[in-house]
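Right, one structure below, let's go through it.
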Amino acid sequence: MAHAIATGSLPVANVQELAQTCNSSDEQVTRGQVALCDPQSSPEECAKLGSACQQWGFFQLINHWVPDEVICNLRKDIAEFFKLPLETKKAYSQLPNSLVGYGQVFVVSEKQKLVWADMFYLVARPNEARDMRFWPAHPPSFRTSIDRYSSETAEVARCLLEFMANNKEMRADPASLLQMFQGQPQGFRMNYYPPCRQANKIRRDGKWLTVDVLEGAFIVNVGDVLEILSNGKYRSVEHREVVHPDRERISAAVFRRPCQDAVVGPLLELVKDGNSKARYRSVGYMEFMRRYYSAKLDGRNHLESLKYEL
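Set out below in structure tokens:
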């Protein structure tokens with residue numbers, strides 16, 4: 001399976017331990033403001049979402065209808081998990097050639113730079129795709145919190161895909177876009193970042209921009225697959241996570257992906273009848289993921305390799 005190639009990882013030191021010996025940076029960055037979007041409130045806000053997808057590849061979603069209680073419970077239980085003794089967390093360590101579990105990702109060399117985070121990854125939906133060996137029994141409410149949050153965010157993702165398809169920047173058939181993701185696995189990644197003198201940044205026009213995050217907003221990343229499906233109308237941008245200079249940080253990311261046998265390429269309605277030339281080669285999703293993981297966090301090389309010379 002391509003996933004075996006994609007997710008292989010060497011054992012690495014616990015980041016919470018490494019943080020005690022490495023904690024400084026002289027890097028200077030530019031501050032930038034990512035759009036705030038509330039696409040349900042008005043056509044103007046929906047248009048803003050399309051513009052943000054086109055120009056930035058990122059936006060902050062407000063009024064996202066996920067209850068505060070669900071978010072607070074999730075945050076509390078993730079924090080409690082990462083506070084567990086290291087040996088307890090190691091019981092949920094990733095197996096060889098697997099992404100699921102506690103550890104790191106993209107570790108293929110002892111000499112490479114590590115992600116400044118300890119990570120715990122689960123497949124949250126559909127229920128039958130869950131490997132309960134990796135779902136901790138402690139804290140006691142952990143499983144319930146993940147289940148409720150994944151259910152709520154699955155609906156948010158479905159609605160966002162509809163908004164993205166209907167937007168004038170893309171003008172695609174919502175049904176064809178939703179079909180790519182309907183009923184497919186939802187990945188859920190929890191990250192623990194020790195204090196470090198860095199910042200939350202996205203890369204735009206060759207520069208890293210610091211993002212001012214609004215309390216309670218969701219940060220939405222368009223991602224590589226949607227850039228290809230939209231035939232380049234929407235952008236995928238590099239990003240790196242918030243790390244506070246003095247305080248620990250916890251984040252939770254939800255990933256929606258197509259089915260394993262899907263073909264990733266520009267949506268047919270965007271390139272048929274001479275409307276526009278396809279800017280990307282079509283490729284099987286598993287081959288796409290093999291290229292993605294083989295890039296080893298090396299920018300957008302895997303995406304650029306699929307572009308046609310126009």
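Residue 39 in UniProt numbering sits at position 39 of the sequence shown, and the numbers go up by one each step.
In this text, a Cβ means the ideal position worked out from N, Cα and C, and glycines have one as well.
This one's a predicted model, so the numbers in the text were calculated from it and none came from an experiment.
>> Taking the straight line between their C-alpha atoms, what separation do you get for Y121 and N166?
In response: Residue 121 sits at position 121 when you count from the first residue of the sequence shown. Residue 166 sits at position 166 when you count from the first residue of the sequence shown. C-alpha of Y121 to C-alpha of N166: approximately 32 Å in a straight line.
>> Taking the beta carbon of V213 as the centre, do at least 16 other beta carbons fall within 10 Å, making it buried, or is it exposed?
In response: Residue 213 sits at position 213 when you count from the first residue of the sequence shown. With fewer than 16 other Cβ atoms from the protein chains shown falling within 10 Å of its own Cβ, V213 counts as exposed.
> Excluding sequence positions up to five away, which residues of its chain have a Cβ less than 7 Å from the Cβ of N73?
Replying inline: Locating residue 73 in the sequence shown gives position 73, counting from the first residue. Excluding sequence positions up to five before and after N73, its CB lies within less than 7 Å of the CB of S141 and S145, all in the same chain and listed in chain order.
> Roughly how many angstroms separate the alpha carbons of Y292 and N63, rounded to a whole number?
Replying inline: Your numbering for residue 292 matches position 292 in the sequence shown. Your numbering for residue 63 matches position 63 in the sequence shown. Counting only the Cα atoms, N63 lies some 33 Å from Y292.
> Looking at the structure shown, is I62 part of a helix, part of a strand, or coil, going by DSSP?
Replying inline: Against the sequence shown, residue 62 aligns to sequence position 62. Reduced to three states, the DSSP call for I62 is coil.
> Any idea which residues DSSP pairs F188 with across the strands?
Replying inline: Looking up residue 188 in the sequence shown gives position 188. Answer is L122 and V254.
>> Quick check on the burial criterion: 16 or more other C-beta atoms within 10 angstroms. Buried or exposed for S236?
In response: The sequence position of residue 236 within the sequence shown is 236, counting from 1. S236 should be labelled buried.
> M170 and G57: beta carbons closer than 8 Å?
Replying inline: As a working mapping, residue 170 is identified with position 170 in the sequence shown. As a working mapping, residue 57 is identified with position 57 in the sequence shown. Not in contact: M170 and G57 (Cβ atoms no closer than 8 Å).
>> If I measure Cβ to Cβ from I228 and keep anything under 6 Å in the same chain, skipping five residues before and after, which residues do I get?
In response: Taking the first residue of the sequence shown as position 1, residue 228 is located at position 228. Closer than 6 Å at the Cβ level, and outside the excluded window around I228, lie V264 and Y280.
> Who does G280 pair with in a DSSP beta bridge?
Replying inline: Stepping through the sequence shown from its first residue, residue 280 is reached at position 280. Per the sequence presented here, residue 280 reads as Tyr, with Gly not at that position. Per DSSP, K307.
> How big is the Cα-Cα spacing for S282 and L86?
Replying inline: Stepping through the sequence shown from its first residue, residue 282 is reached at position 282. Stepping through the sequence shown from its first residue, residue 86 is reached at position 86. When rounded, the distance between both Cα atoms is 43 Å.
> From this set, A129, Q94, K48 and W135, which residue's C-alpha is nearest D118's C-alpha?
Replying inline: As a working mapping, residue 118 is identified with position 118 in the sequence shown. When each option's Cα is compared against that of D118, the closest is Q94.
> In this structure, does DSSP put G101 in helix, strand or coil?
Replying inline: Locating residue 101 in the sequence shown gives position 101, counting from the first residue. DSSP, read as helix, strand or coil, puts G101 in strand.
> Is A262 closer than 8 Å to F188 when the C-beta atoms are compared?
Replying inline: Here residue 188 refers to the residue found at position 188 when the sequence shown is read from its first residue. Here residue 262 refers to the residue found at position 262 when the sequence shown is read from its first residue. For F188 and A262, no; Cβs fall outside 8 Å.
> Got a sec? Which residues, its chain only, sit under 6 Å from A153 by beta carbon, not counting five neighbours each side?
Replying inline: Here residue 153 is taken as the residue at index 153 of the sequence shown, counted from 1. What sits at residue 153 in the sequence shown is Thr, not Ala. By the criterion of a C-beta distance shorter than 6 Å, T153 is surrounded in its chain by V254, once the five residues flanking it on both sides are discounted.
> Of the residues A217, V271, K233 and E215, which one's Cα is nearest the Cα of G223?
Replying inline: Within the sequence shown, the letter at position 223 stands for residue 223. Proximity to G223 across A217, V271, K233 and E215 peaks at K233, based on C-alpha coordinates.
> DSSP three-state call for L95: helix, strand or coil?
Replying inline: Counting from 1 along the sequence shown, the entry for residue 95 is found at position 95. Coil, per DSSP.
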